[in-house]
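Positions in the sequence shown are counted from 1; adding 911 to them yields the working numbering.
Backbone N, C-alpha and C define an ideal beta-carbon position, used for all residues, glycine too.
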Amino acid sequence: VQGVQGQRGDQGEQGLDGERGGQGAPGESLVYHAITPPDPAHLNLDVVDGVPSAATTSADPLPGSNEGVALVDPFHLDAGTYLVSSTVGFFDLDNNDSGGPEYGVMKIWLCTSSEVTSCQEPSVGSLWTADIPDDATNGAQQSGTILLDVPTGGDWVVSRAVVRGGTGTYQAGANVIVTRLADGS
Ligand SMILES: [Ca+2]
Ligand SMILES: [Ca+2]
């Protein structure tokens, strides 16, 4: 004859932790952003003054030549892969009569320091606007996104702007947004 079932025993001790899983792929994250600060001398538009003109057929801005002006400060990136999005706006608030079209141009280089003289062609990105309006009020704007591979050791991102086909000086501003897609090796 089967006897009565005995009582259930006490719960055992908790086992050891399992091994930690492998590292996941890095997520996309904002690593840098900047915008030209407002200029009280120009209705608080986000512009810098004194953007130089250049010949329509030139390759300006060029390091060591007609370098143009910076619309945003240089910044450093560690090795990795990034998306760099930028928008530029150019204005002719002095109503310069150039006798022809005035094209806003901004170039971006990867450089060994924050000085534009450390930069080399070719640029890693460039933006061209259509003709800047001649009503001394409205702007010509362009935006773009590039995939940027920064090599081991990191680099500086330096950008400069000119107006090709213009005369005198102009006003322009930019923003830049940098997100990391992958860490460098
Ligand atoms: Ca003009
Ligand atoms: Ca124009």
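Check                                                                                                                                                       : Outcome
Roughly how far, in whole angstroms, is the beta-carbon of A945 from the beta-carbon of V1068, given that I think they are within contact range, below 8 Å? : Not quite, the Cβ-Cβ distance comes to about 10 Å (not below 8 Å), so this is no contact.
Are L1004 and V1061 closer than 8 Å when you measure CB to CB?                                                                                              : no
First and last residue of the beta strand (DSSP E) that includes P1033?                                                                                     : Note, P1033: premise wrong, no beta strand (DSSP E); not H, not E.
Would you list the residues sitting across from T1056 in a DSSP beta bridge?                                                                                : S996
By how many angstroms is the C-alpha of G1015 removed from the C-alpha of T1078?                                                                            : 12 Å
Whole beta strand (DSSP E) runs in the segment 928–1007 with 3 or more residues, listed along the chain?                                                    : 940–946, 959–965, 986–988 and 991–1002
With burial defined as no fewer than 16 other Cβ atoms inside 10 Å of the residue's Cβ, what is the status of Q922: buried or exposed?                      : exposed
For H987, which residues in the same chain have their Cβ closer than 7 Å to its Cβ, ignoring the five residues on either side in sequence?                  : G1065 and W1067
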